[in-house]
Amino acid sequence: MERQLNNRINKCLKSFMFLWSFFCFINNGFSQKEKLKTFKITDSIRITTLYILPESDALIVWAAKQLAEDIELITGLRPQVVKTNTFDNPGIYIGEHAQHSKLGTADFSNLTKRWEAFNISLKENKLFIVGSDVRGTVYGVFELAKQLGVSPWVWWGDVVPKKQTELSVAIPENGIFQEPSVKYRGVFLNDEDWGLQPWAAKTFEPETGDIGPKTYEKIFQLLLRLKANTIWPAMHPCTQGFYTVKGNQDMAKKYQIVIGTSHAEPMLRNNVDEWDKKLYGEYNYFTNSETVNNYWASRINQVGDSINQNIITLGMRGVHDSHMEGAKSVADSKQMLQNIINNQRAMIDSLMQKPILEIPQVFISYKEVLELYDKGLYLPEDVTLMWTDDNYGYIRRLSNSKEQQRQGGSGVYYHLSYWGRPHDYLWLSTTQPGLIWYEMNKAYENGARSMWIANVGDIKPAEYNTQLFLDLAWNINSVDVDSIYEHLLTWFQLNLGEEVAEESAKVISEYYRLAFIRKPEYMGWSQTEPTTQVKFSTLTKEEIQERVSDYKRLSDRVEELSLKVPEQQQSAWFQFIEYPVMAAANMNFKFLYWQLASQEKSQTKKESYEKWSKEAYAEIKELTDYYNNTLQEGKWNGIMSMNPRGLPVFEALQYEFNPEDIKYLKSSEKVLIKGSEFSKSEGVSEYAWKPINGLGFSNASVTLFPFHFAEFDENKPGLEYKYTLSESGHYVVKVHFLPTHTNVFNQEADISLDDNKYPNQSISTEGRSAQWKENVLRNSAVIALPKQYLEKGKHHINIEVNQTGMVIDYVEILKELY
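Residues in the sequence shown are numbered consecutively from 176, following our numbering.
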């Protein structure tokens, strides 16, 4: 602990020695080979002017002023924002295509009838930022801001742009054109009880005492900088319903953010706050349909004048995250849900001024609702089908070829944070970027292009994962299979600077990989719903020591790099690197040293392990206290909890050991083969095996490309792996897949070990089975072949799969030593 305090002091003393170097951004939306033209924004004697049309929408006026502030952050000089109807002077011209085209400016015909597109082009000494509509124009403004060096996380991550006296931007000769890959893109604020809500209520917006318009304004500004347009507001019992707080609805209109609601909140209602059981009775459509209908209708009437800025969720579940009340069977639920949807559609049609086909509606197939849909529930063609992951990052279902033809299309609700069984992960954001990339690209390729929503919890500390998710939603081609790491590196270049960007990317990549093996929240080997107490892990002593060493190297590297971080980026460094990595490391130290202490016979070593375990817990406490009370002079007080929901995994440990609980798991000699280390591959038709670097325990998992779903019968794609055993003996061979899902639960592999064949080995799980729980906690679906005697020397294993969407992480060959 003393070392950590000294380190912070040293950072303040030494950081002035390190200067920022000029860097360029690689994700500019144009080829690096394309001829570039330079537009100078400011030099030592003058600064350009920002021009907008007199009739510009208020949001465009705001964005122009934000750009002026961003330029001031970099140069110390703020450009003027001037309204004009002429284009005589040099400067930056910002506006909508429809207005510019009337005035006869440059040709922006590629924006005609586009959704949220923009064009940035340089004509002589004039830089034009023109959007197809208001939001498109705003996204163009913030694209320029990012290229100048202002991060979308400038406020939310306390990122300070690099200071420059001369500022210019390079624009391709043919300009920059961008438009979204996914129509509605956004976030769900969820499980906000331990971060966002207490921070807003006590620190940022005490006048409201809740997440109110002041907080939402900052969130909406962040969304626009991230080129997002949609939000599902916070909705837990600790938070007032979005539409019940004065100013919230007006703030959404001001920033033109589309408001939707989650799977448990039909018709834009927040049930946990708004359904008053004493006033309304049971939330039961079987017995109380008239009251429920009136409750829904009143909200539709309230938002009717802004319906173009809302997406209405159809269907019905329980008041919160539970089954529909009153149904006695699945058949009852399905029939009543069909009636409810029909009634909701009729209500929308009668209360809205627009035709129902022009009103965005979504059906979210979360948990048990998917079963009802799969049993034949009918949905009108214009309704968006929103698929969901299993809460742990693996999408449960995607549109088949027929569903991909629907007018309303499909989307995905995806978790980057989760409360529930088998265990929460509300504390740190550790979803591996490679998994986000794979699952969302797979979704997109199978038609999910209408709506993407990420559950981001409290926003912090999910900054990078949120960025990646929304970058893919904006431009699915912005990150390909070979540039997942480069995207991360570019993000750190923008947010932390060149001095530490590359090492930061390496550190955080290893942080994600180690958490993929076991998330910090799962290190107690406990579960929840029902909650169980912590226990010793299933790791052997050798595996524990290896994991301790991995985290020790990681935490040591963070301490070394801390000395190189420029002073102005110390706050961002703490939020993006130091807190998550050091907190995760110490959670591992806390439990792993605890287990080593239980097994140690030497009293001296035992006391050392206990001491290190206790220090790790204290270090998490100190880091969290610094986050809340010291960082940015208390700006983030209340945003970070070290024990969300108060689960046993977060508590201090007891060091009196029950001999019956102590585990001495014996080790096996093992051979590990990464998925990418195959000796031969066989594809089928256009499908071929490729690695995804940065995915899985191996960081090199392999799957079939392209991702469009296909099944294989006789001729199956497969891989061969060769390995050599140094001695004969009894071995167990395990093939580790990622626990992905398929529409009809029929993922199978045919495995051959030398001449022995093991066909039709299933990795599919349904519902919340015990096997599914085990799989998601370890991020692995394992096919274990029977133990058998193998001679020393060369061997091979062949793996064939019956469909796309199966991901091979690694192969494990274990020699039993007992």
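Note that beta-carbon positions come from the ideal geometry of N, C-alpha and C, so glycine has one too.
DSSP places ILE432 in the coil class of the three-state scheme, outside both helix and strand.
DSSP lists THR405 and ILE628 as the bridge partner or partners of GLY361. Of all alpha-carbon atoms in VAL236, ASP565 and LYS897, the one lying nearest the alpha-carbon of GLY968 is that of LYS897.
In chain order, GLY370, TRP374 and LYS635 place their CB closer than 6 Å to the CB of ILE814, counting only its own chain and leaving out the 5 sequence neighbours on each side. Counted as a single uninterrupted DSSP element, the alpha helix (DSSP H) harbouring HIS662 occupies residues 659-671.
Note that the C-beta distance between GLY501 and THR462 is below 8 Å. Of LYS377, THR213 and ASN365, the smallest CA-CA separation from ASN803 is found for LYS377. At the C-beta level, ARG360 and ALA403 come within 8 Å of one another. Here the stretch 583-597 makes no contact with the stretch 741-753; the two share fewer than three CB pairs at distances below 8 Å. For SER701, same chain residues with a beta-carbon under 8 Å away, outside a window of 5 residues either side, are HIS598, THR707, GLN708, VAL709, LYS710, LEU822, PRO823 and VAL824 in chain order.
Here GLY568 has THR606 and LEU610 as same chain residues with Cβ atoms under 6 Å from its own Cβ, once five neighbours each way along the sequence are excluded. Apart from sequence neighbours up to five positions away, the residues of its chain that approach PHE667 with a beta-carbon distance below 6 Å are ALA676, SER679 and ALA680, ordered along the chain. Residue environment for PRO408: buried (at least 16 other C-beta atoms within 10 angstroms of its C-beta). Under the three-state reduction of DSSP output, MET410 falls in the coil class, being neither helix nor strand.
Residue range 638-649 is occupied by the alpha helix (DSSP H) that includes TRP649.
Remark: C-beta atoms of SER876 and GLY850 approach each other more closely than 8 Å. Sorting THR641, ILE475 and GLU614 by C-alpha distance to the C-alpha of ARG520 places ILE475 at the top. Inter-residue distance for LEU729 and TRP769 is about 20 Å (C-alpha atoms, whole angstroms).
Under DSSP, THR217 takes part in a beta bridge, and its partners are ILE222 and LEU342. Taking the Cα positions, ALA791 is about 36 Å away from TYR391.
The Cβ atoms of MET615 and LEU647 sit closer than 8 Å to each other.
In this structure, ASP565 places its C-beta atom within 8 Å of the C-beta atom of HIS916. In chain order, ARG400 place their CB closer than 6 Å to the CB of PHE317, counting only its own chain and leaving out the 5 sequence neighbours on each side. Per the DSSP secondary-structure output, GLY968 pairs in a beta bridge with LEU900. Membership of TYR588 in the beta strand (DSSP E) is indicated by the continuous run 585-590. For LEU847, the uninterrupted beta strand (DSSP E) segment begins and ends at 844-849. Between the alpha carbons of TYR862 and SER856 lies a gap of roughly 11 Å.
For GLN536, the uninterrupted beta strand (DSSP E) run begins and ends at 536-539, by DSSP.
The stretch 695-764 contains, as complete alpha helix (DSSP H) runs of 4+ residues, the segments 716-737 and 745-748 (chain order).
The residue from LEU211, ILE988 and PRO914 with its alpha-carbon nearest to that of ARG571 is PRO914. Residue state for MET815 is assigned as coil, using DSSP reduced to three classes. Check the Cα spacing between SER873 and each of LEU342, PHE882 and ILE848: the tightest is with ILE848. No Cβ-Cβ contact shorter than 8 Å links LYS781 with ALA793.
When Cβ pairs closer than 8 Å are counted between the two stretches, the stretch 877-886 is seen not to touch the stretch 927-941, the count staying below three. Residue pairing of HIS911 in beta bridges, as defined by DSSP: VAL957 and TYR985. Using a Cβ distance threshold of 8 Å, THR559 and MET626 count as a contacting pair.
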